[in-house]
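The structure appears right after this line, and notes come after that.
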Amino acid sequence: SLKMREYQHIALDWMVALHDKGLNGILADEMGLGKTIMTISVLAYLACERGNWGPHLIVVPTTLLLNWEIEFKRWCPSFKVLTYYGSQKERKLKRQGWSKPNSFHVCITSYKMV
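1274 is the number of the first residue of the sequence shown in the numbering used here; add one for each residue after it.
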């Protein structure tokens, strides 16, 4: 079963509190402490508790695109995730229909694409 650690719950509460106050913040934990899971948890909380299903944009290094996609499937399989990368032709295909409501909840892309 998937469980968050106590410090991840504390970070989740902090990020939700920032969101509620209309403030921004940086989750700058060291590598390996679960920033991906904490971020996914915030989006899941916003969806399930607040009805805010997005769309949300996540920008990551190209080397982490697949990891983020896998983690969303693992932790939040009900989220519709669009991983936006590839050739110009592939990206054009991915953009078809994305302006329709609920076509995706989260778009994951790279710094290079942005």
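Even glycine gets a Cβ: it sits at the ideal position worked out from N, Cα and C. Computed from a predicted structure; not experimentally measured.
Secondary structure remark: continuous beta strand (DSSP E) runs of at least 3 residues inside the segment 1325-1381, in chain order: 1329-1333 and 1354-1357. With fewer than 16 other Cβ atoms inside 10 Å of its own Cβ, Leu1275 counts as exposed. The beta carbons of Val1379 and Leu1316 sit about 7 Å from each other, so the pair counts as a contact at 8 Å. Bounds of the alpha helix (DSSP H) holding Ala1290 are Glu1279 to Asp1293. Around Lys1353, the same chain offers Asn1375, Ser1376, Phe1377, His1378 and Val1379 as residues with beta carbons nearer than 8 Å, after the five sequence neighbours per side are excluded. When only Cα atoms are considered, Lys1373 and Leu1285 end up about 30 Å apart.
One thing to note: Trp1348 has its Cβ within 8 Å of the Cβ of Ile1310. Relative to the Cα of Asp1302, the nearest Cα in the group Thr1312, Leu1296 and Gly1295 belongs to Thr1312. Between Val1333 and Ile1299 a beta carbon distance of about 15 Å is seen, past the 8 Å cut, so the two are scored as non-contacting. With a beta-carbon spacing of about 6 Å, Thr1335 and Lys1385 fall inside the 8 Å limit used to define contacts.
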